[in-house]
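Beneath this line is the structure, given in structure tokens, with notes to follow.
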Amino acid sequence: MWEDATPKPVPEEPQNNARPEARSSGENLVLWAQILLVGLALAGIFAARQLDLPVYDTVRNVLTQALQQPGLDGFDGERNLLRFVQTGMNRIQQTAVEVTETLSAPVTAESARPAHGQPEPDAPAGASSESYLPDFALALPLPDGFTTTSGYGWRDNPLTEDGSRDFHLGRDLAAAEGTPVYAAADGMVRRAGTGDSYGNYLRILHAGGDETLYAHMQYLFVHPGQQVRQGQIIGTVGQTGDVTGPHLHFELLHGGIRYDPSQALGLA
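So that you can map any letter, position 59 of the sequence shown is 349 in my numbering, and since no number is skipped, the others follow by simple counting.
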């Protein structure tokens, strides 16, 4: 049988000129979403620092550990970046749960009371452990006939029987119900109303932005926007709100922060 002996070209091996598979859009979305979460974590740390929140040091240390993971270079290729962010976010998420559980735990006598020989915990947000003296003199809102029943700061909560502790934001002056309450200084009534805890209360704005607050009152004799003079009767002692008996709860605020009013009232 005749065969064609003419040489035929040898077929060339197919060349793989395909480009490496591009990262899917879904994977890119995950990457950028996680990078955004890291950015939000950084923003949260900054906010905690600005507000002097107690969780600042904890979250800062966690993020620092995430950024220092051995063997991971966050800037050495997209795959390493993705792995870096995923690992860091897992650690941050785990610690966020721990911090949330810690903050939501109830304050008990054991958790709030300092260990033997140790100082009390810091004051909560919105309060200071220090005393403050305004630029003007304060007069006693109850000139006489009162007894101090609770000072400023940490104490055993008188409203519970489980031994829990709370931070008392003012000074309690016990007196008979109906005893006149006087303005501690000249000012303008900023608020006058009723609250679940404060009961019937007044908040008076004074020179320089300082404020005094009078709570658990029986009656209020002034209204918001009214100018009052030092020594003017503004209401009477009561037992409205969260109380165990008739008394006046008095607070002193400077820059929106509560301070121990004892020294300003001459009761230190």
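Glycine is no exception: its CB is placed at the ideal position from the N, C-alpha and C atoms.
As the structure is a prediction and not an experimental result, all values here were calculated from the model.
Quick check on the burial criterion: 16 or more other C-beta atoms within 10 angstroms. Buried or exposed for residue 551?
Classification for residue 551: buried.
Can you name, in chain order, every residue of its own chain whose Cβ lies under 7 angstroms from the Cβ of residue 457, other than the five neighbours on each side?
Cβ neighbours of residue 457 beyond the five flanking positions: 413, 414, 417, 443 and 444.
Is residue 499 helix, strand or coil when you go by DSSP?
Here residue 499 sits in helix by DSSP.
Out of curiosity, what's the CA-to-CA distance linking residue 502 and residue 322?
Going by the C-alpha atoms only, they are around 50 angstroms apart.
Reduced DSSP category for residue 358 - H, G, I as helix; E, B as strand; rest coil
In this prediction, residue 358 has a pLDDT of 49, which is less than 50 and means its spatial position is unreliable; what the coordinates show is noted afterwards. In the three-state reduction of the DSSP assignment, residue 358 falls in the coil class.
Confirm, please, whether the CB-CB distance from residue 496 to residue 475 is below 9 angstroms.
The answer is yes: Cβ separation under 9 angstroms.
Could you give the uninterrupted runs of the beta strand (DSSP E) lying entirely in the segment 433-495, keeping only those of 3 residues or more?
Along the length of the segment 433-495, whole beta strand (DSSP E) runs at least 3 residues long occupy 437-440, 443-446, 455-458, 461-464, 470-472, 477-485 and 489-495, reported in chain order.
Kindly give me the distance between the Cβ atoms of residue 431 and residue 538, rounded to whole angstroms, as I take these residues to be in contact under 8 angstroms.
Indeed, because the Cβ distance is near 6 angstroms, the residues count as touching under 8 angstroms.
Taking just the CA atoms, how far does residue 521 sit from residue 440?
Their Cα atoms are separated by approximately 23 angstroms.
Beta carbon of residue 524, beta carbon of residue 492: below 9 angstroms?
A contact, by the Cβ cut-off of 9 angstroms.
Based on the DSSP secondary-structure assignment, which residues constitute the bridge partners of residue 547?
Here residue 547 is bridged, per DSSP, to 544.
Please confirm whether residue 533 and residue 466 have their CB atoms less than 9 angstroms apart.
Taking 9 angstroms as the Cβ cut-off, residue 533 and residue 466 do not qualify as a contacting pair.
Would residue 427 be called buried (16 or more neighbouring beta carbons within 10 Å of its own) or exposed?
Under the 10 Å beta carbon count, residue 427 is surrounded by fewer than 16 other beta carbons and is classified as exposed.
Would you tell me roughly how many angstroms separate the C-alpha atoms of residue 541 and residue 449, rounded to the nearest one?
Distance between the alpha carbons of residue 541 and residue 449 is about 19 angstroms.
Less than 7 angstroms between C-beta atoms, sequence neighbours within five positions excluded: which residues of the same chain meet that for residue 358?
Any reading at residue 358 must be qualified, since the residue scores a pLDDT of 49, below 50, and its modelled position is unreliable; the value itself is stated next. Excluding residues within five positions, none has a Cβ falling inside 7 angstroms.
Between the Cα of residue 455 and those of 446, 490 and 555, spot the shortest distance and give me the residue it belongs to.
Residue 446 is the option with its Cα nearest to residue 455.
Span of the beta strand (DSSP E) holding residue 527?
Segment 523-527, the beta strand (DSSP E) holding residue 527.
Which residue wins for smallest C-alpha separation from residue 429, given the options 419, 468, 451 and 477?
Checked all of 419, 468, 451 and 477; the closest Cα to residue 429 is 477.
Could you tell me whether the Cβ atoms of residue 480 and residue 424 are closer together than 9 angstroms?
In this structure, the beta-carbon distance from residue 480 to residue 424 does not fall below 9 angstroms.
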